[in-house]
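>
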Amino acid sequence: MAKKTRFFLINTDIVYKNIEDERVLFNSETGQVTVVNETGRFILDQCNGKLSSDQIIEKVIDCYGDVPVATIKKEVGDFLSGILKRKIVRRVTA
Amino acid sequence: MPENIVSLNRKVKMGLIKQALGKKETIALVMQGKSMEPFLREGDYLFISKCRLQDYEFADIIAFETNATNMGLIVHRILNKREDYFFTKGDASLRRDPPVAFSKVLGKLITVNRNDKTLGVEKSKNYIMLLGSYLRVFWFYRQLNLFGRLRR
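Top line first, the protein sequences correspond to chains E and B.
Each residue of the first sequence is one higher than the one before, starting from 28 at the first, in my numbering.
Each residue of the second sequence is one higher than the one before, starting from -5 at the first, in my numbering.
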């Protein structure tokens, strides 16, 4: 059986405000607030339900070409697991 | 550790809460401070729901916007309601809060979650109502000076 690709989508419980380069996210389901930096904001913008983690990593590599690919893969992977754990995003299948 | 909404700038915080309440009927907030102890403790998850003016009554716990503290947001109990103003106080506070206009009220506490357990809000409300009734009876007898007469 073919493995289904899973995409990342921002949770509907999330409201946010951009302050300078950062984004403040409030999860109205858990009451938690998360502040992400410019890169985090860029990654969150990619969580539109159309991109998988590999595709998001590719986009980050395109944007931050001067950073080693292994570092980007690890950091973006950690970031995605972090925001999944905090219920900021959820996984959806196509 | 997740950041709590009270650590944010007041304007940003209130903006986010109002935005969330515009999208959903009920939102979660994390309790900070000790003014509502013993019923509410720091770190409790409070589920706040938007209500109509007529749905708020004595002993309800409400969340409201304030300029009185740096927090910008207070969760206290209604002691009295007059037209569209509320008179509130924290269970553990000695002083009453200044009157709160309905326009400043974000919502009413409907559920509390502590260590993955749901606490009944109605139970605490009933205790307060019972205590209120006793105090009213005591006040009534005191006005009549019945205690003094009975002692004689």
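Ideal placement from N, C-alpha and C gives every residue a C-beta, glycine not left out.
Using a Cβ cut-off of 8 Å (strictly closer), state whether B/A57 contacts chain E.
So, not an interface residue.
> Go ahead and label E/K112 buried or exposed: buried means 16 or more other beta carbons lie within 10 angstroms of its beta carbon, across all protein chains shown.
With fewer than 16 other Cβ atoms within 10 Å, it is exposed.
> Output the boundary residues of the alpha helix (DSSP H) element that contains E/S108.
Here the alpha helix (DSSP H) through E/S108 covers V96 to K112.
> Name, please, each residue of chain B whose Cβ falls closer than 7 Å to the Cβ of E/E56.
The contacting residues are A22.
> So B/L73 and B/T82 are supposed to be a Cβ contact under 8 Å. How far apart are they, rounded?
Indeed they touch by this definition, with Cβ atoms about 6 Å apart.
> Do you know how far the Cα of B/M123 is from the Cα of B/F132?
Taking the straight line joining both Cα atoms gives about 14 Å.
> Look at E/S79 and E/L107 and say whether their C-beta atoms are less than 8 Å apart.
No, Cβ-Cβ distance for E/S79 and E/L107 is not below 8 Å.
> Between which residues of its own chain and E/D48 is the CB-CB distance below 8 Å, once the five residues before and five after are set aside?
Once the five neighbours on either side are set aside, the close Cβ partners of E/D48 are N64, E65 and R68.
> Does E/I115 come within less than 8 Å of chain B when only Cβ atoms are used?
No, no contact with chain B.
> With burial defined as no fewer than 16 other Cβ atoms inside 10 Å of the residue's Cβ, what is the status of B/K7: buried or exposed?
The residue is buried, with at least 16 neighbouring Cβ atoms inside 10 Å.
> Quick one: what does DSSP say E/Q73 is sitting in, helix, strand or coil?
The answer is helix: DSSP assigns E/Q73 an H, G or I state.
> Can you find a CB in chain B that lies within less than 8 Å of the CB of E/K112?
Closer than 8 Å: no.
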